[in-house]
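Just so you know, the protein sequences line up as chains A and B, in that order.
Taking the working numbering, I'd label the letters of the first sequence as residues 221 to 504.
Taking the working numbering, I'd label the letters of the second sequence as residues 801 to 1033.
C-beta atoms are modelled at their ideal positions from N, C-alpha and C, and glycine is treated no differently.
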Amino acid sequence: METIISVLVDATLITLVLALAAFGLAIIYGLVGVINMGHGAMLTLGAYFTWATTTAGVPFILAVVLAALGVAIVGLLLEHIIIRHFYDKPFDTLLLTWAFFLIMTEVIKIVFGTDFRNVSNPLPGAIDFGTIKIPAYKGAIAIFSLLLIGATAFVFYKTNLGIKIRALIQNREAASLLGLNISRTYKFVFCIGSGIAGLAGGLISPMLSVDPYIGNVFLIRSFFVVIVGGVGQLFGGTLIGSFFIGGAETIFALFSKQVFAQSIVFLLAIVILRYRPAGILKKS
Amino acid sequence: MKLEVENITAGYGNITVLRDVSFKVNDGGVVGVLGRNGMGKSTLIKCLAGLILPTEGTIKLNGEDISKLLPHARANRGVTTVVQGRGIFPDLTVMENLEMGRIAGGRGKRNRLEEVLGYFPHLRERLTQLAGTLSGGEQQMLAIGRGLMTDPKLILLDEPSDGIMPTLVEQIAATLGEINRREGTTIVIVEQNLPMIFSLAEYCIVFEKGKLVAEGTCEKIQKSEILQEYLAI
Ligand SMILES: Nc1ncnc2c1ncn2[C@@H]1O[C@H](COP(=O)(O)OP(=O)(O)O)[C@@H](O)[C@H]1O
Ligand SMILES: [Mg+2]
């Protein structure tokens, strides 16, 4: 019994941390249709921003907020300079975000070096429930992840902004004929998705040591979360996908060689775009 | 709102569909667009709405050249378009569809929900229903109602009677007439249903292979041989 509970708790924590890491990717893929191969680099960047600011003495929570803003701005620039010219061309955006990943990884190496960095854990210790112990920080992140996804779902289903975005996904032409500025809305969503990736990178940074490839491990998992969960199944899909992938965590240990793993994701993305453009569970 | 179309040429990529089309609609006027299938009527609507841009010529709204503006910019100047096939948001509720009309442009508009439900009382009982589950006629009413929520000065309609029961067609025509009279909204309506057009419009333009080949008051068009020649009636 105790082991069952402890496995369930572990699975829940892994699921929610993974969902947090994948959420930015899911938003950008689900709402603007871009497979953001740069997602891993955005996570990494968020982690480094957090490392740099906390090292300079900024309190952790503020550091994470700054990391989210910083990566949102990077995403905004990426969208404005490049991506916006290539919406509706999934292969082009796949390649372009891949290029962004390669360049950004080099930039990170030059700016921050290749040494392992550590962000100190703002909530060390564990919460003791008698039979099981939950690492306090991991638990807090799991709860935050759930709140973030819930809050985003609220915006999506219950606010005017949500109506605009859902309308846009269902019929872009009709939305624009009613006065919605399509390119501005896409830009906004891309920026938010990037910011959430940066936020996730920052929040995950105390759990791992930070290196220029930290985001990649999560890129691969995030990617599987999104394709298992299904495109457009933004909220439930992200959680369900995370649960499956979290469960299959061990398999991904096989892909610890970054270049190999990246290539697998890249190939899979191409195959899926070719045969299942609406996601792996849905026929287009 | 006064609409002036001057010598526009437009099409899709290398295909030119509309050639050198010019006409005018006075503020508060209702103009019917006639022509057989494939003659360029929908292309004209798309061009007026901004979904395609003319390669030559100009489109003016109250004197302002809007030929290069994107659809949302035209919508925000008071143009609303009900496309052929209606273009509702099927997975949004009726209420959300209507609300989208009010909020899409960003700036807060006066809320016309009660007025719109007054024009289309059918919709009132269906506000919480998903729009995709409405009948064809109800979807058409929703599409027009949603357009009205943008508080338009010019309504472009592309075959609103398409696939709709005759009694509903009459009702929709009557409502459009009422909107025009009460609010002074200018209307450009593409229609194959001649009784509907003749009950609504005062002036008609006729298209043949992308060219405007005949025009005149509905009375004149009805009496002339234009109907036989260009509409095969
Ligand atoms: N998206 C498109 N791409 C290329 N040609 C088109 C497109 N839409 C319409 N056409 C062509 O333009 C011509 C006019 O079509 P349309 O304006 O839809 O006619 P109507 O509405 O009068 O039936 C037709 O020859 C049609 O084949
Ligand atoms: Mg047509």
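When we look at the beta-carbon of residue i and count the other beta-carbons within 10 Å, is it buried (16 or more) or exposed?
i         : result
A/Arg404  : exposed
B/Leu844  : buried
A/Leu297  : exposed
A/Thr372  : buried
B/Arg874  : buried
B/Thr1017 : exposed
B/Asn837  : exposed
A/Thr334  : exposed
A/Pro432  : buried
B/Ile964  : buried
A/Leu282  : exposed
B/Pro871  : buried
B/Gly835  : buried
A/Gly349  : Residue identity check: residue 349 of chain A is Phe in the sequence provided, not Gly. Exposed.
A/Val237  : buried
A/Ser340  : exposed
A/Val294  : buried
B/Gln1028 : exposed
A/Lys420  : It should be pointed out that residue 420 of chain A corresponds to Ala in this sequence rather than to Lys. Label assigned to A/Ala420: buried.
A/Ala319  : exposed
B/Pro854  : buried
A/Arg494  : exposed
B/Tyr919  : buried
Could you give the first and the last residue of the continuous alpha helix (DSSP H) run that contains residue i?
i         : result
A/Phe438  : 434-449
A/Phe408  : 402-424
A/Ile369  : 356-378
B/Tyr1030 : 1026-1031
B/Leu913  : 913-919
B/Thr986  : Per DSSP, B/Thr986 belongs to no alpha helix (DSSP H); it is in the beta strand (DSSP E), 986-990.
B/Thr1005 : Per the sequence shown, residue 1005 of chain B should be read as Ile rather than Thr. Note, B/Ile1005: premise wrong, no alpha helix (DSSP H); beta strand (DSSP E) at 1003-1008.
A/Tyr249  : 222-252
B/Glu970  : 966-983
B/Met839  : Taken as a continuous stretch (DSSP letters only), B/Met839 belongs to no alpha helix (DSSP H), as it is neither H nor E.
B/Met996  : 994-1000
A/Thr334  : Taken as a continuous stretch (DSSP letters only), A/Thr334 belongs to no alpha helix (DSSP H), as it is neither H nor E.
B/His922  : Neither: B/His922 is in no alpha helix (DSSP H) and is coded neither H nor E.
B/Met941  : 936-948
A/Ser396  : 392-397
A/Gly266  : 259-275
Start and end of the beta strand (DSSP E) containing residue i?
i         : result
B/Tyr812  : 803-812
B/Asp827  : Run containing B/Asp827: none; DSSP gives neither H nor E here.
A/Ile302  : Here A/Ile302 belongs to no beta strand (DSSP E), and DSSP marks it neither H nor E.
A/Ala346  : 346-348
B/Leu861  : 856-861
B/Gly1016 : 1011-1017
Who pairs with residue i in a beta bridge, going by DSSP?
i         : result
B/Thr881  : B/Leu956
B/Leu870  : DSSP lists no partner for B/Leu870.
B/Ile815  : B/Tyr812
B/Thr893  : B/Leu930
B/Leu1113 : Given a span of 801 to 1033 for chain B in the structure shown, any question on residue 1113 of chain B remains unanswerable.
B/Gln865  : Before going on, a small fix: residue 865 of chain B reads as Asp here, not Gln. Paired residues: B/Lys860.
A/Lys353  : A/Asp348
A/Val430  : A/Arg337
B/Val821  : B/Ile808
Can you round the beta-carbon distance between residue i and residue j to whole angstroms, since I take them to be within the 8 Å contact cut?
i        : j         : result
A/Ala394 : A/Thr232  : So it is not a contact: roughly 41 Å between Cβ atoms.
A/Ser462 : A/Ala267  : No, A/Ser462 and A/Ala267 are not in contact; Cβ-Cβ is about 19 Å, not under 8 Å.
B/Asp865 : A/Gln390  : The pair is not a contact, with the Cβ atoms about 32 Å apart (cut-off 8 Å).
B/Arg819 : B/Lys1011 : 5 Å
B/Leu956 : B/Val879  : 7 Å
A/Ala417 : A/Gly244  : 3 Å
B/Ile989 : B/Ile997  : 7 Å
B/Arg881 : A/Leu400  : Looking at the sequence itself, residue 881 of chain B is Thr, so the reference to Arg does not match. At roughly 13 Å, the Cβ-Cβ gap does not stay under 8 Å, so B/Thr881 and A/Leu400 are not in contact.
B/Gly832 : B/Ala974  : The pair is not a contact, with the Cβ atoms about 16 Å apart (cut-off 8 Å).
A/Val430 : A/Arg304  : No, A/Val430 and A/Arg304 are not in contact; Cβ-Cβ is about 31 Å, not under 8 Å.
B/Ile801 : B/Leu861  : In the sequence as presented, Ile is not what sits at residue 801 of chain B; that position holds Met. That pair is a contact at about 6 Å.
A/Ala261 : A/Thr325  : 6 Å
Under the criterion of a Cβ to heavy atom distance below 7 Å, does residue i qualify as lining ligand 4?
i        : result
B/Glu959 : Among the ligands present in this structure, namely ligand 1 and ligand 2, ligand 4 is not found.
Taking any heavy atom of ligand 1 as the mark, which residues have a C-beta closer than 6 Å to it, listed down the chain?
Going along the chain, the residues that qualify are B/Tyr812, B/Ile815, B/Val817, B/Gly835, B/Asn837, B/Gly838, B/Met839, B/Gly840, B/Lys841, B/Ser842, B/Thr843.
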